[in-house]
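Below is one structure, written out as structure tokens; comments come after it.
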Amino acid sequence: MLLHHYRFVPDTDLFDVSAFKASLDTGRPPIPLYKIALKEIGERLDRRFMAGHDIRDLIYGRAWCLDQLLKIAWERLDWPSDGITLLAVGGYGRGELHPGSDIDLLLLLEDDDDTPFREALTAFITFLWDIGLDIGHSVRSLSDCERECRNDITVITNLLESRTLSGPERLRDAMYARISPERMWQSAAFFEAKWQEQIARHHKFNNSEYHLEPNIKSSPGGLRDIQMVGWVAKRHFDVRTYKDVIDQGFMSDTDLRILSQGRAFLWQVRYALHMLTGRAEDRLLFDHQRAVAELFGYQDSEKRLAVEQFMRRYYRVVTTLVELNDMLLQNFEERILRDSETPTITPINNRFEIRDGYIQTRYPTVFLRRPGALLELFLLMAQHPSIGGVRAETIRLIRDHRHLIDDAFRQDVRHKSLFMELLRSDGNVAQQLARMARYGILGKYLPEFGDVIGLMQHDLFHIYTVDAHTLRLLDGMQCFKGESDEQSPLACTLMQQLPRHDILWIAGLYHDIAKGRGGDHSTLGAIDARAFCERHGVSRRDTELICWLVEHHLLMSKTAQKRDISDPDVISEFATAMHDERHLDYLYVLTVADISATNASLWNGWRASLMRQLHTEARRALRRGLENPLDRQEWVNETRAEARALLTGMGTRDESVDQLWQTLGDEYFLQYAPSEIAWHTQGILEANYQVTPLILISAPTEDMADGGTKVFIHTRSVNNLFAATAAAIEQLGLSIHDARIATSSNLWTLNTFILLDDDGEPIRDPERLRAIHQQLVDELDDPDDYPRIVARHTPRQLKHFRVPTRVRIEQDDTNDRTVLELIAADRPGLLARVGRIFMECDIALSGAKIATLGERVEDVFFIMDLDGQAITDSRRLDGLSQRLCDVLDAEAGV
6 MLLHHYRFVP DTDLFDVSAF KASLDTGRPP IPLYKIALKE IGERLDRRFM AGHDIRDLIY
66 GRAWCLDQLL KIAWERLDWP SDGITLLAVG GYGRGELHPG SDIDLLLLLE DDDDTPFREA
126 LTAFITFLWD IGLDIGHSVR SLSDCERECR NDITVITNLL ESRTLSGPER LRDAMYARIS
186 PERMWQSAAF FEAKWQEQIA RHHKFNNSEY HLEPNIKSSP GGLRDIQMVG WVAKRHFDVR
246 TYKDVIDQGF MSDTDLRILS QGRAFLWQVR YALHMLTGRA EDRLLFDHQR AVAELFGYQD
306 SEKRLAVEQF MRRYYRVVTT LVELNDMLLQ NFEERILRDS ETPTITPINN RFEIRDGYIQ
366 TRYPTVFLRR PGALLELFLL MAQHPSIGGV RAETIRLIRD HRHLIDDAFR QDVRHKSLFM
426 ELLRSDGNVA QQLARMARYG ILGKYLPEFG DVIGLMQHDL FHIYTVDAHT LRLLDGMQCF
486 KGESDEQSPL ACTLMQQLPR HDILWIAGLY HDIAKGRGGD HSTLGAIDAR AFCERHGVSR
546 RDTELICWLV EHHLLMSKTA QKRDISDPDV ISEFATAMHD ERHLDYLYVL TVADISATNA
606 SLWNGWRASL MRQLHTEARR ALRRGLENPL DRQEWVNETR AEARALLTGM GTRDESVDQL
666 WQTLGDEYFL QYAPSEIAWH TQGILEANYQ VTPLILISAP TEDMADGGTK VFIHTRSVNN
726 LFAATAAAIE QLGLSIHDAR IATSSNLWTL NTFILLDDDG EPIRDPERLR AIHQQLVDEL
786 DDPDDYPRIV ARHTPRQLKH FRVPTRVRIE QDDTNDRTVL ELIAADRPGL LARVGRIFME
846 CDIALSGAKI ATLGERVEDV FFIMDLDGQA ITDSRRLDGL SQRLCDVLDA EAGV
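Quick look at the structure:
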């Protein structure tokens with residue numbers, strides 16, 4: 006264990022040892038006395054925590070109190086000899102205890118035979134359980150310790166942090182001699198094992214400190230990262246205090262200050278979590294974030310919730326600790342793993358050189374003499390892809406000199422030129438911008454970016470802070486420059502064809518830069534982007550495109566996910582907003598990267614197909630000319646002709662096709678692609694209008710990014726068919742992402758649903774597809790036998806958000822229908838409930854666009870009355886809105 010300069014001073018106000026011993030000497034039963042003492046100690050510590058006492062007093066103080074209680078309990082037993090010692094190990098061995106922490110003990114035997122001590126050991130452990138202590142204990146001999154430490158890195162790590170509580174100190178000394186680096190786990194092997202352990206631990210959290218519900222102990226930047234530094238330092242240098250590490254030259258006073266302040270904050274959060282939950286809870290779950298924020302004194306403001314302010318501080322602290330951990334461990338690696346190697350040094354210029362694959366300054370005053378080198382460093386890494394990163398000592402120099410980036414620095418034409426040269430380089434620009442952010446340079450050079458560092462939105466949709474999301478977006482676009490991505494092939498093709506990638510880097514940096522200020526972040530971001538472009542000499546043409554991209558970065562996703570992109574008028578309107586193919590292609594790449602970087606589950610095959618369809622149709626409209634939009638009838642005729650050609654190739658008779666198609670209106674041929682129409686037509690003709698519903702299911706093949714599993718339903722039209730279908734599908738544990746509803750003139754439905762499973766993936770398993778088919782046939786052969794509303798368990802995270810139901814209604818005069826947008830709290834069975842409300846209100850549905858965004862849904866329904874006309878009666882529409890709000894809010898507990 007490594008100790009700070011701080012030492013806990015025994016505090017009789019916290020626990021009076023003499024008074025406690027005196028109470029035991031009275032002959033009263035000891036168990037109640039111990040329980041009372043433990044309860045009073047906990048209450049005193051909690052009161053001190055609430056009063057704002059030094060967190061170190063509380064953590065070390067609790068351990069000191071337990072030390073005294075354990076010593077007294079140990080000494081009151083009759084031990085047969087001095088061949089046993091009681092040790093505190095692990096966190097307790099470091100002298101640290103939180104309210105819910107385990108009390109880890111090692112009962113260390115000198116000899117392998119524990120027979121003489123069994124009775125006393127059993128009595129001691131049983132007593133600790135009886136007084137309510139949550140102990141983790143092991144009984145080992147010196148030989149056991151040697152054997153287990155040799156085989157298990159976690160055991161030796163635990164024993165490195167040990168203290169003698171009672172018994173002879175010589176046993177602990179003997180144990181240390183047996184597990185010394187000379188006998189096992191030499192410092193290089195120990196370091197490598199612990200580093201791999203940290204890599205695996207970080208991987209569980211996606212290698213990001215910006216986890217939505219971080220683990221205070223194990224997430225990147227958590228307490229384990231701080232402890233990692235101590236373990237490696239103690240094993241290699243055999244030191245006991247951080248001052249000793251500073252004396253070795255591997256840590257500076259500034260490093261120690263950052264580490265101490267960061268640990269104190271994390272200790273405060275951990276103490277609060279344990280106190281609030283009454284258990285050893287290290288996960289900063291949504292369940293607790295608001296309560297901890299309130300406990301720390303944060304209050305809601307007009308712009309930010311208290312919980313968002315608190316989490317911003319958390320993210321900023323752990324980001325600093327991640328930087329420190331990276332730097333110190335790299336420093337250790339060079340001294341431990343590469344100490345005997347002769348370094349390979351390659352000069353780059355007068356200021357920088359490459360040492361064993363890492364860039365470093367050639368002299369320590371580089372940044373002081375030439376501040377612009379703070380930017381030049383990252384440009385050089387972009388120009389030399391073989392450079393693996395920045396050497397530890399240079400990271401420290403960056404940190405110590407980044408204060409030189411001030412207004413004068415930002416206005417210097419040389420520095421602006423360096424930054425633009427980086428953005429226009431052929432290297433991995435996204436990686437260098439991420440490194441600039443990690444080392445605090447990007448937020449200094451672009452203060453507007455600095456303002457969003459650690460800025461989070463308290464919801465389940467935006468799972469990253471604004472800065473982390475932005476950097477992920479840039480990385481996504483960088484990946485598009487490589488080989489084709491199965492998830493985003495069109496984005497890759499366009500990225501490789503676009504002539505100016507710096508346009509995308511700037512637009513990506515600024516697309517969300519204005520979040521948290523209030524107002525429209527797209528509009529405000531465009532203003533910031535324009536100021537950046539003017540300051541950096543970007544051409545007027547490129548400036549206009551960049552600002553347009555920032556201002557309209559949500560347009561494509563909103564159009565694809567909320568509007569009917571089978572409608573020629575929607576395509577024409579969207580294409581007009583694009584101006585030309587250049588705008589369209591840049592926006593497509595930015596949008597795909599934005600969606601992918603927002604939430605890992607958000608970008609799936611279905612959204613990809615929507616985006617691809619919108620891009621294809623918009624490009625087609627632009628090539629026809631905006632002054633010559635595609636006529637609706639022309640669209641219908643082209644679709645019919647292509648579908649007929651496919652059917653002819655399948656051997657289907659034209660007369661049968663004509664007879665069926667005469668019952669279908671033009672709307673059907675606008676909604677579906679020729680391949681889908683051919684699929685429907687062939688299925689209907691083969692079924693010959695059977696009594697039972699015709700259910701056709703098409704799952705995309707592995708090499709086909711078709712978005713989702715398509716279910717086509719052809720049956721007699723009844724008013725409650727959509728509600729029954731939605732309920733049946735939700736009973737299957739599937740989600741509807743798109744619905745297209747059409748009715749023939751002879752009152753047969755032609756309904757298509759796009760389905761995904763709980764992981765956002767299409768269903769391809771043949772056995773499951775057969776089960777879906779059978780379930781739908783069973784439920785829809787008599788839709789009046791309405792399947793029950795699904796009552797699956799609501800996920801824990803959803804319960805902590807209150808999303809009031811909102812309904813917005815407008816008229817689609819071109820298609821003679823009404824558009825209803827519903828924003829509501831997500832929950833199992835929601836769509837089935839909405840379908841039932843439509844049924845009860847005599848509402849017919851012609852289509853739906855379903856979007857789940859974290860804890861809420863933003864669904865769009867295209868509705869009509871039972872005669873197939875738009876609903877224009879304001880009282881009826883108001884009644885429908887009120888009914889939706891009343892029912893859904895009551896079920897969600899809003």
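Mapping to the numbering used here: the sequence shown position 192 is 197, numbers consecutive. C-beta atoms are modelled at their ideal positions from N, C-alpha and C, and glycine is treated no differently.
Helix, strand or coil at residue i [DSSP, three-state]
| i | result |
| --- | --- |
| Ala397 | helix |
| Val892 | helix |
| Val865 | strand |
| Leu2 | Because the chain is modelled from 6 through 899, residue 2 falls outside the range shown and cannot be assessed. |
| Leu761 | strand |
| His142 | strand |
| Glu815 | strand |
| Ile570 | coil |
| Val808 | coil |
| Thr17 | coil |
| Ile746 | coil |
| Glu124 | helix |
| Glu313 | helix |
| Leu170 | strand |
| Asp854 | According to the sequence displayed, residue 854 carries Lys and not Asp. In this structure, Lys854 counts as strand in the three-state DSSP scheme. |
Residue nearest to residue i in terms of C-alpha spacing, selected from the options
| i | options | result |
| --- | --- | --- |
| Ile689 | Val555, Leu893, Leu665, Arg881 | Leu665 |
| Ala378 | Ile392, Gly226, Arg356, Ala439 | Arg356 |
| Leu495 | Asp411, Arg407, Ala613, Asn604 | Ala613 |
| Ala897 | Cys150, Ile828, Ala298 | Ile828 |
| Gly873 | Asp891, Ile848, Pro452 | Ile848 |
| Asp480 | Gly630, Asp139, Asn433 | Asn433 |
| Arg317 | Ala194, Arg360, Gly455 | Gly455 |
| Leu885 | Val371, Val14, Glu826 | Glu826 |
| Arg183 | Ser680, Met655, Glu115 | Glu115 |
| Gly235 | Arg245, Gly227, Glu338 | Arg245 |
| Leu737 | Pro833, His588, Pro504 | Pro833 |
| Asn212 | Gln667, Asp230, Gly487 | Asp230 |
| Arg343 | Ala298, Asp636, Ser192 | Ser192 |
Residue i vs residue j beta-carbon contact at 8 Å
| i | j | result |
| --- | --- | --- |
| Ala626 | Ala580 | yes |
| Ile364 | Arg340 | no |
| Val641 | Asp663 | no |
| Tyr320 | Thr470 | yes |
| Leu427 | Ala473 | no |
| Gly105 | His279 | yes |
| Ile108 | Tyr97 | yes |
| Ile718 | Thr748 | no |
| Val94 | Leu110 | yes |
| Gly521 | Val457 | yes |
| Met482 | Met561 | no |
| Leu760 | Ser740 | yes |
| Leu333 | Asp260 | yes |
| Thr757 | Asp894 | no |
| Val594 | Leu509 | yes |
According to DSSP, residues forming a beta bridge with residue i
| i | result |
| --- | --- |
| Trp753 | Arg721 |
| Gln365 | Glu358 |
| Ala648 | Beta-bridge pairing links Ala648 to no other residue. |
| Ser740 | Leu761 |
| Arg838 | DSSP output for Arg838 lists no bridge partner at all. |
| Val716 | Ile702, Phe758 |
**OP:** Check whether the segment 16 to 25 touches the segment 69 to 81, counting contact only when three or more Cβ pairs, one atom from each stretch, lie closer than 8 Å.
**Re:** yes
Original post:
Taking contact to mean at least 3 C-beta pairs separated by less than 8 Å, is the segment 139 to 156 in contact with the segment 47 to 67?
Top reply: no
Original post:
Counting pairs of beta carbons, one from the segment 130 to 138 and one from the segment 29 to 42, are three or more of them closer than 8 Å?
Top reply: yes
Original post:
Counting pairs of beta carbons, one from the segment 524 to 536 and one from the segment 550 to 566, are three or more of them closer than 8 Å?
Top reply: yes
Original post:
Just checking, does the segment 302 to 310 make contact with the segment 197 to 206 on the three C-beta pairs under 8 Å criterion?
Top reply: no
Original post:
Do the segment 731 to 740 and the segment 828 to 845 meet, that is, are 3 or more Cβ pairs less than 8 Å apart?
Top reply: yes
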